[in-house]
Each structure stands twice: as structure tokens, then as C-alpha cells.
Amino acid sequence: MKINLIDLISDADIVVKFVILVLILFSVISWDIILKKYLYLKRAHKNSLKFQEFFASQSNLAKAFDKAKKINANPVAQMFMAAYSEIRKEHHEQSLIKDLTKVDQIERVLEVAKQRELSKLESRISFLATSGSAAPFIGLFGTVWGIMNSFLSIGEMGTTNLAVVAPGIAEALIATAIGLFAAIPAVMGYNYSVQRIKSIVREMDNFSNDFLNAIKP
Numbered sequence: 005m006k007i008n009l010i011d012l013i014s015d016a017d018i019v020v021k022f023v024i025l026v027l028i029l030f031s032v033i034s035w036d037i038i039l040k041k042y043l044y045l046k047r048a049h050k051n052s053l054k055f056q057e058f059f060a061s062q063s064n065l066a067k068a069f070d071k072a073k074k075i076n077a078n079p080v081a082q083m084f085m086a087a088y089s090e091i092r093k094e095h096h097e098q099s100l101i102k103d104l105t106k107v108d109q110i111e112r113v114l115e116v117a118k119q120r121e122l123s124k125l126e127s128r129i130s131f132l133a134t135s136g137s138a139a140p141f142i143g144l145f146g147t148v149w150g151i152m153n154s155f156l157s158i159g160e161m162g163t164t165n166l167a168v169v170a171p172g173i174a175e176a177l178i179a180t181a182i183g184l185f186a187a188i189p190a191v192m193g194y195n196y197s198v199q200r201i202k203s204i205v206r207e208m209d210n211f212s213n214d215f216l217n218a219i220k221p
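Take 5 as the starting number for the sequence shown in my numbering and just add one per residue.
In C-alpha cells:
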């Protein structure tokens, strides 16, 4: 007997339908986060490396500041702009290296900027972790509920004919399948994002050290 997936979902119990709807919603949101986060993190990593190379070859901090303002999705450049803005409150560019005595204050500014950028990098990825861990269990709940109804139907009909009970069991199992379909990409997307963020954080730490060394008197 040929079973149509759409027919299975449309004939499913209202609870199973609700579970499937929730899982589909989880999947859609997860894919939206995965794609947007992939593009953003890739661009942030590339731009951060590019700015670090420019900073290393540039002795004029004012020019580096102008460069930083022109680059979007750049955590390292945002750290530099925060630190440089703090420096400019009390120092002129030409006497910056010689006169700066508040390195600890600048270090704190860099750390605050780093945490602010880290929050941007990590935004929404917690949903991927939640979806990856919860979706299989939500799907399993739908399956258990559907199978329970199938057994109740068997009792009412008084038959264990496979042709009679198979559609009900298939309706139940589809919830688990959709749960896995939602969870697997979410877990993979989360792991990718975490590793990419760790790489960007290392770049931010490296830049912070380089910048502090450059301005020390």
C-alpha cells in the first residue's frame, strides 16, 4: 500500500499535527539563523583579519580609525574605534605614544568593546542549541501520542491487521522524523557558529595585545 506523506499529516491526530507544526516552525527559524549567522561570521572573520593587517602596517592611528569606520561586520575594528575614541578624549594624536599613561583604562575599554561584539556574534545561536536538543524529544512525544492512539484504535476495531494499523503508526513516526530533520541542521549550525566565534575571539584578543603594546609609553 502506497502511503502519501501529505495524507499522513492531514489525517493525523490534532496533537500530532500541533507537534509537527511546532517542529516545522523550529526548522524554519533554525535555517534562517544558520544561513544569516554563517554569512555574518564569515564576513566578520574576513574583515577582522583584513583590519589587523592594515593596523599592523599603519603607524597613523587616525588613518586606521578612518579605515575602521568604513568596514562593516568587523569586531576588531569596533574594538579599535572604542579604544581610540577613549584615547582622543585626553590626548592628541602626535603625542599619543609618548604621553599615554592610562593603559589599564584603555585595556578595560577594549574588554568592554570585546564583550559587546561577542554578544553580537553569539546572538540567536542559543536557539540552535535549544532546537537541537528539544526537537527530537518533541517529535518523540508526538510519536508516543500517535502510537498510543493507534493501539486504542486496534482495541476498538478488534483487529491487528497491518493494513489497518500501519497508517496510524506511520502518522506517529512522521513526528520523530521531522524532529530529527529540525534537530540535525540546528546542532551542526550551532557547532559551526561556536567554532567560528572562538576563532574571531582569538583574533580580538590578539589585536588587543598588539594595540596595548603599540600605545605603551
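C-beta atoms are modelled at their ideal positions from N, C-alpha and C, and glycine is treated no differently.
Do residue j and residue i come within 7 Å of each other at the CB atom, strictly closer than that value?
i, j, result
"A139", "G183", "yes"
"K71", "F84", "no"
"S31", "A186", "yes"
"A86", "I110", "no"
"V107", "K220", "yes"
"A16", "E175", "yes"
By a C-beta neighbour count over all protein chains shown, 10 Å radius and 16 as the cutoff for buried, is residue i buried or exposed?
i, result
"K118", "buried"
"V23", "buried"
"Q199", "exposed"
"N78", "buried"
"L114", "buried"
"V26", "buried"
"G143", "buried"
"Q82", "buried"
"S197", "buried"
"S52", "buried"
"G136", "buried"
"F55", "buried"
"K73", "exposed"
"G150", "buried"
"F215", "buried"
"K102", "Reliability fails at K102, whose pLDDT of 46 lies under 50, so the model's placement of it is uncertain and the value that follows must be treated cautiously. It is exposed - the Cβ of K102 has fewer than 16 other Cβ atoms within 10 Å."
"V20", "buried"
"L125", "buried"
"L45", "buried"
"K67", "exposed"
On the premise that residue j lies in contact with residue i, defined as a C-beta separation below 8 Å, what is that separation, rounded to the nearest angstrom?
i, j, result
"V4", "F211", "Outside the modelled stretch of the chain, which goes from 5 to 221, sits residue 4, for which no answer is possible."
"I37", "G193", "7 Å"
Query - Contiguous alpha helix (DSSP H) assignments of at least 4 residues, all confined to the region 31-75 - result: 65-73
Checklist entry - What are the uninterrupted segments assigned as alpha helix (DSSP H) that are 4 or more residues long and contained completely in the region 110-178, given in chain order? => result 129-161
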